[in-house]
Amino acid sequence: MIHITLPDGSLREYDQPLTVYEVAATISLGLANAAVAGRVDGVLVDCGFLIEGDARVSIVTPQEPDGLEILRRSCTLMLAMAVKQLHPNAQLRAGSSLGDGFFYEFAFQRSLTLAELPLIEARMRALAATNHSIRQETALQGTSTERLSLYRLGDFESFATGPHVPTTKVLQAFALDHIGGTSEQRIYGTCWSSQQELDTWRAPPQVMVVNIDERQSAYAHSVTQALRRRELRANSDLRNEKISHKIRQHSQKVPYLLVVGEKEKEGGFVSMRSGSGEDFGEKGIEAVCELLNPSKTGGA
136 MIHITLPDGS LREYDQPLTV YEVAATISLG LANAAVAGRV DGVLVDCGFL IEGDARVSIV
196 TPQEPDGLEI LRRSCTLMLA MAVKQLHPNA QLRAGSSLGD GFFYEFAFQR SLTLAELPLI
256 EARMRALAAT NHSIRQETAL QGTSTERLSL YRLGDFESFA TGPHVPTTKV LQAFALDHIG
316 GTSEQRIYGT CWSSQQELDT WRAPPQVMVV NIDERQSAYA HSVTQALRRR ELRANSDLRN
376 EKISHKIRQH SQKVPYLLVV GEKEKEGGFV SMRSGSGEDF GEKGIEAVCE LLNPSKTGGA
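First residue of the sequence shown? That's 136 in the working numbering, and the numbers climb one at a time after it.
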């Protein structure tokens with residue numbers, strides 16, 4: 136007999152091993168359909184993970200941060216498959232979730248342009264509509280702390296860090312928005328749990344957080360999330376582009392920019408400037424919120 140303890144403390148008994156998805160289905164069909172992963176004794180696993188002994192189990196959906204990150208991580212696989220179908224000679228490098236979205240890096244025989252992204256996005260939508268399964272085939276431990284597994288999406292295979300969503304049908308609210316680089320190019324996109332969330336993200340922001348290089352990506356994203364919790368319309372640009380390019384691009388259409396480098400990350404603050412070039416200097420997150428949205432911070 137296998138004993139499964141759920142997050143509310145309730146206990147369920149099963150007479151044989153079962154997957155995370157099957158546990159979800161015994162709770163409700165709606166939960167099973169919404170599941171993108173599970174936690175087994177605190178460890179994130181795929182929905183197909185087989186539970187063979189007593190465990191504490193919770194079901195992960197896109198409505199929580201880990202679930203949303205899994206959606207974005209799975210979009211990288213679907214992007215790679217779409218690109219290989221359209222450009223068979225493209226060489227795969229690596230993909231990852233990144234802030235509000237994801238990216239995948241490729242080496243192409245010729246550089247792609249921004250105008251080609253709609254075709255790639257359309258192919259991704261076709262793959263999502265076909266509702267391919269995403270299955271973990273084998274797992275191996277790399278030299279890093281991340282565990283790589285071989286995942287199969289349709290007839291496409293790639294080594295990636297899991298877990299991933301069980302099927303592509305949950306990958307609906309996504310968009311490709313940028314391509315950077317020359318000989319090796321990164322295609323960037325965003326992904327959300329609903330079209331409404333995607334539309335909200337597309338609305339013009341009050342504040343754009345930009346990082347100097349990839350070392351500050353996690354901190355820049357955490358700043359963005361802190362601003363959103365205080366009801367500011369904030370986005371972040373975490374692309375691997377020169378900071379001067381990002382500032383120049385966003386200054387034309389965003390009222391305020393928050394720049395983060397190593398100094399800002401270590402100190403827990405940002406360097407603030409307006410789109411018109413006014414320099415507000417170094418500021419803590421609370422000070423930024425008080426300046427831009429005083430009604431939510433107790434200011435006048």
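We treat Cβ as the ideally placed atom computed from N, Cα and C, and that holds for glycine.
If you're wondering where the values come from, they're calculated on a predicted model, not measured in any experiment.
Reduced DSSP category for residue i - H, G, I as helix; E, B as strand; rest coil
| i | result |
| --- | --- |
| V394 | strand |
| E417 | strand |
| I194 | strand |
| T317 | coil |
| V389 | coil |
| S409 | strand |
| L164 | helix |
| T248 | coil |
| D334 | helix |
| S279 | Summary for S279: the model assigns pLDDT 47, below 50, so the residue's position carries little reliability, and this model does not support an answer. |
| R365 | coil |
| G403 | coil |
Backbone CA spacing between residue i and residue j [nearest angstrom]
| i | j | result |
| --- | --- | --- |
| L141 | I194 | 9 Å |
| L288 | A225 | 17 Å |
| N370 | A355 | 10 Å |
| F243 | A308 | 27 Å |
| Y149 | L427 | 54 Å |
| H299 | L206 | 7 Å |
| Q400 | S352 | With the sequence shown as reference, residue 400 is identified as Lys, and Gln is not the correct amino acid for it. Answer to the nearest angstrom: the Cα atoms are 10 Å apart. |
| V158 | S318 | 46 Å |
| K418 | P340 | 19 Å |
| D348 | K377 | 8 Å |
| Q384 | T325 | 19 Å |
| I420 | K398 | 15 Å |
| S293 | D414 | 46 Å |
| A261 | M136 | 43 Å |
| P152 | I186 | 6 Å |
| L266 | P301 | It should be noted that the sequence gives Asn, not Leu, for residue 266. Taking the straight line from one Cα to the other gives about 10 Å. |
| A217 | G144 | 43 Å |
| P223 | F241 | 11 Å |
| T278 | R408 | Only weak support exists for where T278 lies, its pLDDT of 48 falling under 50; the value from the coordinates is given anyway. About 41 Å. |
| L373 | G177 | 29 Å |
| G434 | W336 | Bear in mind that a pLDDT of 43 at G434, under 50, signals an unreliable position, so the model cannot answer this. |
| G412 | S386 | 8 Å |
| R350 | L252 | 27 Å |
| E204 | A169 | 15 Å |
| K228 | E425 | It is Arg, not Lys, that sits at residue 228 in the sequence shown. Those two C-alpha atoms are separated by around 43 Å. |
Identified DSSP bridge partners for residue i
| i | result |
| --- | --- |
| W327 | A308 |
| M284 | Reading off the sequence, residue 284 comes out as Ser, not Met. Paired residues: A274, A295. |
| I322 | Y239, I314 |
| V180 | G173 |
| Y149 | I137 |
| N370 | M343 |
| Q226 | A242 |
| S232 | F237 |
| I186 | L153 |
| I269 | L288 |
| T303 | BP columns for T303 are empty, so no partner. |
Best match in the options for proximity to residue i [C-alpha to C-alpha]
| i | options | result |
| --- | --- | --- |
| R147 | T154, L221, H138 | H138 |
| L254 | D312, G236, V305 | D312 |
| V423 | R363, R321, T154, F243 | R363 |
| Q271 | I420, S209, L426, F238 | S209 |
| V180 | G230, S232, L283, L247 | L283 |
| G188 | G402, T154, I162 | T154 |
| A295 | R258, Y239, I347, D176 | Y239 |
| R248 | R258, V178, Y286, Q320 | Just to set this straight, residue 248 is Thr in the shown sequence, not Arg. Ranking the options by Cα distance to T248, first place goes to Q320. |
| N375 | G234, V192, F184 | G234 |
| S268 | A169, V405, D290, L252 | D290 |
| G236 | A172, S246, G202 | G202 |
| V192 | Q198, R258, L185, G173 | G173 |
| G403 | G410, S409, L393, S411 | L393 |
| T273 | A264, L285, R245 | L285 |
| G165 | E332, T196, D143 | T196 |
| V342 | G316, L306, I382 | I382 |
| K219 | A167, R350, M259 | M259 |
| A310 | L367, L333, A169 | L333 |
| S328 | S163, Q198, S379 | Q198 |
| A448 | K304, G316, R368, Q360 | Past the edges of the chain, shown from 136 to 435, lies residue 448, and the structure says nothing about it. |
| S231 | A361, G297, A167, E366 | G297 |
Whole-number beta carbon distance between residue j and residue i, since they are thought to touch under 8 Å
| i | j | result |
| --- | --- | --- |
| I314 | L214 | About 11 Å; that fails the 8 Å criterion. |
| V345 | V358 | That pair is no contact at about 10 Å. |
| A190 | V171 | With 8 Å as the limit, A190 and V171 do not qualify as a contact, their Cβ atoms being about 19 Å apart. |
| P390 | G410 | 5 Å |
| A263 | L306 | 5 Å |
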